[in-house]
Each structure stands twice: as C-alpha cells, then as structure tokens.
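Asker: Positions in the sequence shown are counted from 1; adding 6 to them yields the numbering used here.
Built from N, CA and C at the ideal position, the CB exists for glycine as well.
For reference, the structure I am asking about is given below.
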Amino acid sequence: METEPIPGFRQVPRTGVIYVMHESAKHGFVYGHPEWANLGQGSPESGPLANAPDRITNFEIATGSHAYGPVEGDRMLRQKVAELYNELFRKDKESKYTWENVSIAGGGRLALTRVVAALDNINLGHFIPDYTAYEELLSGFKTFIPIPILLDSGAGYKISQATLKHEIMGHGFNAVLMSNPANPTGQLAEGNELKAWVRTARDLRCAMIIDEFYSHYIYTGSPNDCKIVSAAAYVEDVNKDPVIIVDGLTKNWRYPGWRLSWTLGPKSVIESIASAGSFLDGGANHPFQHQAIQLLDPEVTLRETRAIQEVFRQKRDFVLERITSMGIEVESDPEGAFYVWANLSKLPAPLNDGLEFFRAGLDYKVITVPGVFFDVNPGRRRPKARYQHYARISFGPEMATLERGMDALEKMIKSRG
C-alpha cells in the first residue's frame with residue numbers, strides 16, 4: 007500500500023550506496039552481521055592496522071567545546087590542516103597555506119554542499135562515471151548548470167589535458183568537479199598529469215574542485231613507497247590559483263564516524279564557503295575538532311598512510327585475482343581508492359546486469375553497488391542510463407569479510423552458470 011504524498015514535498019531518491027543498504031536491510035542485513043559481506047560500503051575498515059598509529063578510543067571534552075564552534079571551523083585545526091599541506095607538498099613554495107585558506111565542515115558531502123552552494127550562475131563540468139552522491143548534490147542548487155564529461159573505458163577512464171581544455175573551452179566551464187583518485191574506477195592523475203590539470207585551471211581561469219578523499223590510497227610505484235597525491239603540490243599562488251581541494255578524516259585517516267572534513271583553497275573562496283555554511287549547517291562537531299589536531303601531525307599521517315597502503319594493496323590484489331577468475335572483467339586496475347569497477351557483461355544473464363547482480367547477491371548475503379548509480383545525471387535530463395553491465399565492488403572491509411564475499415560471489419555465479 008503506497009503512502010499518500012504530503013503536499014509540498016517531493017520524493018528525494020536515495021544515493022546509490024544508501025539505496026543498496028536500505029534494500030539489503032530488507033533481506034536481513036545489519037552492520038556487523040557475521041554472515042554478511044558488505045562489499046558495497048564506501049568506508050574503509052576502521053579498526054587497528056599493523057604498524058599504524060593507535061586508534062583514538064576515548065577523550066575528555068573540554069567545557070568550552072560544549073558551546074557552538076565557529077562556522078568556518080576551529081582556528082587551531084584550520085592552521086593544522088594548512089601546516090600539513092605545506093609540510094607534505096609545499097616546502098619549496100614561496101606561497102603557503104594559512105588558516106584563512108581552510109574551512110572545516112561536518113563530513114565530505116557537507117563540505118561539497120557548501121562549495122556548490124557558493125557557486126555562481128555558471129556551467130559546471132563533472133565526470134561520469136563518478137561518485138553517486140554528486141547526482142543529488144548537483145541537482146539541488148539551481149544557480150549553475152551541471153554538464154557531464156564522459157570518460158571512456160578505452161582510454162582507461164582518464165582524460166588527456168588536450169581533451170580537458172577542449173571541454174572547458176567548448177562548454178564555457180567556469181568550474182569542474184572531479185574526484186582524484188576517482189570513485190568508482192580507482193583511476194589516478196598524478197605527477198605531470200595532475201600538474202597539467204592545475205596549469206589548465208590557472209591558464210583558463212576555470213575553478214577545479216577536487217575531491218581528494220582517497221588521496222592516501224595509492225598503489226602506483228613500489229610497494230615500499232608512501233605516496234600521497236594532492237593538487238596542492240602544483241598550486242603556484244594559494245590565493246590566486248582556482249584550485250579547491252576537499253578532504254577529511256573519513257577515508258585517509260579511517261575515522262568515518264567523526265564526520266570531519268576540510269576545504270582548502272583561496273581565501274576568497276573560503277569566505278564564501280563559510281557564508282554558505284552559516285545557513286546550511288552552522289558548523290562542524292566542536293569537540294571532535296580539538297581531537298583531530300593530533301591526527302594531522304605529519305609523522306602520524308605518514309605512519310597511517312604506510313599502513314593503509316600495505317594492507318589495502320594486498321586486499322586489492324586479492325579481490326582482483328578472485329573476481330577475474332570468476333569471469334568478471336576489470337578494464338583498468340584501480341591505481342587508488344578501494345574499489346574495483348567490474349564489467350559484468352561476460353557473465354551469464356541475468357548476472358551481466360548490475361542491478362540483477364546486486365539482487366542475486368542478497369540471497370547469498372553479499373552486497374555490491376550497481377554501476378548505473380555512477381552515471382551521474384542531475385535532474386534526470388538524460389533518458390538512457392549507462393553502466394548497466396557494471397558493478398562497484400569495495401575492498402574497504404577487512405580481509406575476512408572480503409574472503410567471505412568472494413566465496414559468496416563465486417558460489418552465486420556458479421549456481422547461475
């Protein structure tokens with residue numbers, strides 16, 4: 007029996023992962039259930055890792071932290087964020103970030119919401135496939151027009167500098183939104199390629215809003231490397247170059263429940279974002295901001311990153327080996343993040359369809375995310391969806407869950423073969 011609609015309210019669709027978890031709950035899934043393998047999750051395992059810093063398990067709340075904090079964030083934390091980027095990426099640069107270049111928000115989606123709320127009446131470019139939450143994010147504000155840039159599997163889901171410049175000039179983009187490393191494909195722009203992106207933003211005066219939430223999950227180079235990738239390394243003037251970076255504790259420090267993020271960019275942009283925050287949310291969790299300062303010590307950050315890369319590289323290789331042995335194609339191995347963009351087209355029907363693959367998995371207590379959710383389509387202006395034959399498979403969970411999930415998928419595929 008359908009619920010009668012309430013006047014004045016529209017039906018707001020759930021983002022891909024939220025939809026998946028909602029449907030899974032109908033089949034008995036609850037977080038922590040020992041029989042389920044949640045390979046749809048968008049968060050990393052958050053427990054202890056070998057050689058990583060100890061996890062924060064308790065702390066005292068200072069009396070002053072019970073009050074509201076500043077909308078733009080605690081000044082000490084803002085300065086700590088700026089110092090971390092200066093230490094890791096800008097030692098040889100004359101132009102340095104300060105606390106005035108940083109805004110703190112209550113999680114990544116809220117940080118991005120503040121950013122897009124501050125955009126003018128412009129054309130905004132965004133890539134597909136990309137993060138599912140971008141769809142409603144780009145639909146909710148009517149001051150800008152979101153225009154997709156299609157990434158081709160034949161090019162490894164990457165874009166050349168020449169093509170990027172062509173898209174910016176051809177569509178008259180004043181801003182481009184992107185994730186790096188990318189969600190869901192795991193593809194990465196680094197080194198000269200990322201440097202060229204920043205140069206393009208500077209030369210064409212096109213703001214680049216870069217979601218760097220997976221920038222510590224890097225698998226290029228030697229396994230002994232400890233590599234963090236950020237566009238901050240290629241910014242010339244922190245207050246003139248139109249480069250806006252969004253990151254936080256969720257993935258790179260493995261504290262998703264803290265809901266703390268930051269935006270790094272020119273002072274003028276940070277001021278606009280803070281103004282947006284004053285009516286959108288009023289500011290991030292105050293007590294947790296004080297505790298986050300210790301996590302942003304460069305030594306602590308690098309220790310955590312080394313541990314992440316060692317463990318997650320092993321999990322990535324394990325999942326790639328298992329799913330390819332099942333007949334699932336991976337067009338481009340993930341260079342970053344913790345997802346595999348899986349092409350199901352060679353599986354027998356109906357498992358070659360991402361939605362059917364997900365639904366069948368529920369009978370085997372395994373969760374994936376259908377690929378159609380990553381066809382970011384604000385306002386549903388495009389009638390035909392892409393990526394019906396894809397699924398995103400996460401290697402974010404601990405190894406025991408991945409093993410259980412791979413066994414379940416293999417059993418499912420064999421039963422339908």
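Looking at E337: is its Cβ nearer than 8 angstroms to the Cβ of S159?
Answerer: For this step, residue 337 is matched to residue 331 along the sequence shown. For this step, residue 159 is matched to residue 153 along the sequence shown. Yes, they are a contact pair.
Asker: Using 8 angstroms as the threshold, is the C-beta distance between P384 and L156 below it?
Answerer: Sequence index remark: in the sequence shown, residue 384 carries index 378 (1-based). Sequence index remark: in the sequence shown, residue 156 carries index 150 (1-based). Contact: no.
Asker: Examine the Cβ distances between the segment 369-385 and the segment 117-135 and report whether three or more of them are shorter than 8 angstroms.
Answerer: The segment 369-385 is in contact with the segment 117-135.
Asker: Find the nearest neighbour of E51 within the set W259, V375 and S284, judged by alpha-carbon distance.
Answerer: One-based indexing of the sequence shown puts residue 51 at position 45. Among W259, V375 and S284, the Cα nearest to that of E51 belongs to W259.
Asker: Helix, strand or coil for M7, going by three-state DSSP, please let me know.
Answerer: Taking the sequence shown and counting its residues from 1, the one referred to as residue 7 is at position 1. With a pLDDT of 48 at M7, under the threshold of 50, the modelled position of that residue is not reliable, and no figure is offered here.
Asker: With H, G and I counted as helix, E and B as strand and the rest as coil, what does DSSP make of A188?
Answerer: By 1-based counting over the sequence shown, the position of residue 188 is 182. Three-state DSSP puts A188 in coil, outside helix and strand.
Asker: When the Cα atoms are used, what is the spatial distance from K201 to A313?
Answerer: By 1-based counting over the sequence shown, the position of residue 201 is 195. By 1-based counting over the sequence shown, the position of residue 313 is 307. So the two alpha carbons sit approximately 27 angstroms from each other.
Asker: Would the beta-carbon of V317 fall within 8 angstroms of that of I399?
Answerer: As a first step, residue 317 is located in the sequence shown; it is residue number 311 there, counting from the start. As a first step, residue 399 is located in the sequence shown; it is residue number 393 there, counting from the start. No, Cβ-Cβ distance for V317 and I399 is not below 8 angstroms.
Asker: Where DSSP assigns a beta bridge to L130, which residues make up the other side?
Answerer: The residue you call residue 130 lines up with position 124 of the sequence shown. Paired residues: P152 and A181.
Asker: If you measure between the beta carbons of I373 and G46, is that distance less than 8 angstroms?
Answerer: Start at 1 with the first residue of the sequence shown, and residue 373 comes out as number 367. Start at 1 with the first residue of the sequence shown, and residue 46 comes out as number 40. A contact, by the Cβ cut-off of 8 angstroms.
Asker: For M7, I'd like the list of residues in its chain whose CB is within less than 8 angstroms of its CB, leaving aside the five on either flank, ordered along the chain.
Answerer: For the purposes of this step, residue 7 is identified with residue 1 of the sequence shown, where counting begins at 1. Low confidence applies to M7: its pLDDT is 48, below 50, so where it sits in the model is not reliable, and the reading given next is rough at best. Answer for M7: no residue qualifies.
Asker: Do L270 and G254 come within 8 angstroms of each other at the CB atom, strictly closer than that value?
Answerer: Reading the sequence shown from its first residue, position 248 is the one you call residue 254. Reading the sequence shown from its first residue, position 264 is the one you call residue 270. Against a cut-off of 8 angstroms, the Cβ pair of L270 and G254 comes out as no contact.
Asker: By alpha-carbon positions, which one of V122, I299 and G192 ends up nearest to R319?
Answerer: Working through the sequence shown from its first residue, we reach residue 319 at position 313. R319 has its Cα closest to that of G192, out of V122, I299 and G192.
Asker: Flag this pair as yes or no: are the beta carbons of Y393 and G342 separated by less than 8 angstroms?
Answerer: As a working mapping, residue 393 is identified with position 387 in the sequence shown. As a working mapping, residue 342 is identified with position 336 in the sequence shown. Cβ atoms of Y393 and G342: not closer than 8 angstroms.
Asker: Please state whether DSSP places F262 in a helix, a strand or coil.
Answerer: Locating residue 262 in the sequence shown gives position 256, counting from the first residue. Per the sequence presented here, residue 262 reads as Pro, with Phe not at that position. Of the three classes helix, strand and coil, the one that applies to P262 here is helix, per DSSP.
Asker: Considering only the alpha carbon of each residue, which of N44, T407 and Y225 lies closest to G367?
Answerer: By 1-based counting over the sequence shown, the position of residue 367 is 361. Taking only the C-alpha atoms, the option nearest G367 is N44.
Asker: Figure out for me which residue from Q315, D126 and P304 has the closest Cα to the Cα of P229.
Answerer: The count along the sequence shown starts at 1 and reaches residue 229 at position 223. Considering only alpha carbons, the answer is Q315.
Asker: Apart from the five residues just before and just after P262, which ones in its own chain have a Cβ nearer than 7 angstroms to its Cβ?
Answerer: Numbered from 1 along the sequence shown, position 256 holds the residue referred to as residue 262. Within the same chain, P262 has close Cβ partners S49, S52 and T256.
Asker: Could you name the residues that DSSP lists as bridge partners for T407?
Answerer: Position 401 of the sequence shown, counted from the first residue, corresponds to residue 407. According to DSSP, T407 bridges with nothing at all.
Asker: Determine, using beta carbons only, whether Y74 comes closer than 8 angstroms to chain B.
Answerer: The structure shown contains no chain B; it is built from a single protein chain.
Asker: Taking 8 angstroms as the limit between beta carbons, can you name the residues of its chain near M418, skipping five residues before and five after?
Answerer: By one-based count along the sequence shown, residue 418 stands at place 412. L357, A366, G367, D369, Y370 and V372, listed in sequence order.
Asker: Look at S101 and D287 and say whether their C-beta atoms are less than 8 angstroms apart.
Answerer: Looking up residue 101 in the sequence shown gives position 95. Looking up residue 287 in the sequence shown gives position 281. Not closer than 8 angstroms, so no.
Asker: Can you name the start and end residues of the alpha helix (DSSP H) that L270 belongs to?
Answerer: To locate residue 270, count along the sequence shown from 1; it is residue 264. Segment S267 to L270 is the beta strand (DSSP E) holding L270; no alpha helix (DSSP H) there.
Asker: Compare the beta carbon distance of S71 and H292 with 8 angstroms and say whether it is the shorter of the two.
Answerer: Locating residue 71 in the sequence shown gives position 65, where the first residue counts as 1. Locating residue 292 in the sequence shown gives position 286, where the first residue counts as 1. Yes, the pair counts as a contact, with Cβ atoms nearer than the cut-off.
Asker: Which of the three DSSP states is assigned to I24 in this structure?
Answerer: The residue you call residue 24 lines up with position 18 of the sequence shown. Correct three-state label for I24: helix.
Asker: Anyone know if the C-beta pair for V375 and V36 falls short of 8 angstroms?
Answerer: The sequence position of residue 375 within the sequence shown is 369, counting from 1. The sequence position of residue 36 within the sequence shown is 30, counting from 1. It is not a contact, given that the beta carbons lie outside the stated cut-off.
Asker: In chain order, which alpha helix (DSSP H) runs of at least 4 residues are fully inside the segment 327-368?
Answerer: As far as the segment 327-368 is concerned, its whole alpha helix (DSSP H) runs of at least 4 residues are 360-368.
Asker: Does the beta-carbon distance from N349 to H395 come in below 8 angstroms?
Answerer: As a working note, residue 349 is residue 343 in the sequence shown. As a working note, residue 395 is residue 389 in the sequence shown. Cβ atoms of N349 and H395: closer than 8 angstroms.
Asker: Considering only C-alpha positions, which residue in the set G289, A237 and V378 is nearest to K390?
Answerer: Here residue 390 corresponds to residue number 384 of the sequence shown, with the count starting at 1. Nearest of G289, A237 and V378 to K390, Cα basis: V378.
Asker: Taking the beta strand (DSSP E) that Y396 belongs to, which residues open and close that run?
Answerer: Residue numbering aside, residue 396 sits at position 390 when the sequence shown is read from its first letter. Start and end: Y396 to S400.
Asker: I174 by DSSP, collapsed to three states: which one?
Answerer: Indexing the sequence shown from 1 puts residue 174 at position 168. The answer is helix: DSSP assigns I174 an H, G or I state.
Asker: Using DSSP's beta-bridge definition, name the partner residues of V249.
Answerer: Locating residue 249 in the sequence shown gives position 243, counting from the first residue. Looking at the DSSP assignment, V249 forms a beta bridge with M214.
Asker: How many angstroms separate the CA atom of G283 from the CA atom of E78?
Answerer: The residue given as residue 283 occupies position 277 in the sequence shown. The residue given as residue 78 occupies position 72 in the sequence shown. Approximately 7 angstroms between the Cα atoms of the pair.
Asker: Can you tell which of T311, A397 and L308 has its C-alpha closest to the C-alpha of S3?
Answerer: This structure cannot settle anything about residue 3, because the visible part of the chain is limited to 7 through 423.
Asker: For M175, which residues in the same chain have their Cβ closer than 8 angstroms to its Cβ, ignoring the five residues on either side in sequence?
Answerer: Translated into the one-based positions of the sequence shown, residue 175 becomes position 169. Correct list, in chain order: L210.
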